[in-house]
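Data first, discussion second: the structure below is written as structure tokens.
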């Protein structure tokens with residue numbers, strides 16, 4: 063979980079994840095439990111928050127890595143992926159620190175019977191879930207843009223709830239340190255003919271006066287466009303394997 067100045071929400075998110083995993087664990091068959099840890103393994107990357115974000119995450123039971131300065135969401139995700147690689151983990155699920163993603167949905171992606179080598183994207187229904195209009199426009203534009211260059215239909219390119227295959231993602235060498243990291247990863251998977259699974263999820267949008275976001279609906283999509291064009295110029299399209 064990348065976190066930047068999320069002191070008011072991060073502990074609740076971690077607590078929710080731990081509870082949701084405990085419930086899911088109880089429902090697993092004995093034969094399935096051998097594949098998983100009994101306790102939720104929660105990692106928070108405090109991206110130079112300069113407040114109590116890291117301390118509150120730690121108190122809630124998460125392992126915390128800290129960036130001395132704010133480096134961006136992509137940099138935080140890369141730090142988490144490398145940490146997972148060092149520990150031999152096959153895949154990780156990323157969750158936003160603002161509480162937008164129901165913990166049960168995160169656990170569902172963990173257990174989703176998709177290929178462990180696939181990038182699994184959470185797909186939101188932004189209209190149904192009450193997303194702000196600028197977010198809906200931004201996501202729609204990003205979907206069309208990345209679908210064209212990825213040569214496949216992408217239904218939600220900006221959702222932060224995802225399952226990353228650790229080794230494969232790092233082998234593709236995504237580089238963007240900011241929000242464009244998530245678009246870049248999709249594009250690298252798509253243009254290399256690697257599997258992408260799109261899984262419908264629900265999300266929670268609090269009332270407007272309670273929303274906290276560091277995503278700028280104009281500036282950040284512009285950065286995504288630049289990163290996409292750079293990736294298109296440097297990553298040739300490979301034929302997808304037959305299914």
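Residue numbers (my numbering): 63 to 305. Note that CB positions come from ideal geometry on N, CA and C, so glycine has one too.
* Which same chain residues, not among the five before or five after residue 169, have their C-beta less than 7 Å away from its C-beta? -> 82, 83, 86
* To the nearest angstrom, report how far apart residue 250 and residue 291 are at their CA atoms. => CA-CA distance, residue 250 to residue 291, rounds to 12 Å.
* In terms of DSSP beta bridges, what is residue 226 paired with? -> 154
* Residues in its own chain within less than 7 Å of residue 121 by CB, not counting five upstream and five downstream? -> 73
* Asked: Does the beta-carbon of residue 222 have 16 or more other beta-carbons within 10 angstroms, so that it is buried, or is it exposed?
  -> buried
* **Residue from 167, 71, 248 with nearest C-alpha to residue 180** => 248
* Please report how far the alpha carbon of residue 97 lies from the alpha carbon of residue 123, in whole angstroms. => 22 Å
* Would you tell me roughly how many angstroms separate the C-alpha atoms of residue 144 and residue 230, rounded to the nearest one? => 12 Å
* Run of the alpha helix (DSSP H) containing residue 147, from where it starts to where it stops -> Counting along the chain, the alpha helix (DSSP H) containing residue 147 begins and ends at 135–148.
* Report the three-state DSSP secondary structure of residue 256 (helix, strand or coil). => coil
* For residue 246, which residues of its own chain have a beta-carbon under 8 Å away from its beta-carbon, when the five flanking residues on both sides are left out? -> 136, 236, 237, 238, 289, 290, 293
* To do: Check whether the Cβ atoms of residue 195 and residue 258 sit closer than 9 Å, and answer yes or no.
  => no
* Asked: According to DSSP, is residue 262 helix, strand or coil?
  -> strand
* Asked: Mind checking residue 163: buried by the 16 CB within 10 Å criterion, or exposed?
  -> buried
* To do: Would you mind sorting residue 284 into buried or exposed? The rule is 16 or more other CB atoms within 10 Å of its CB.
  => exposed
* To do: Please go through the region 72–106 and give each complete alpha helix (DSSP H) segment of 4 or more residues, from N-terminal end onward.
  => Taking 4 residues as the minimum length, the alpha helix (DSSP H) runs contained wholly in the region 72–106 are 72–89, 92–95, in order along the chain.
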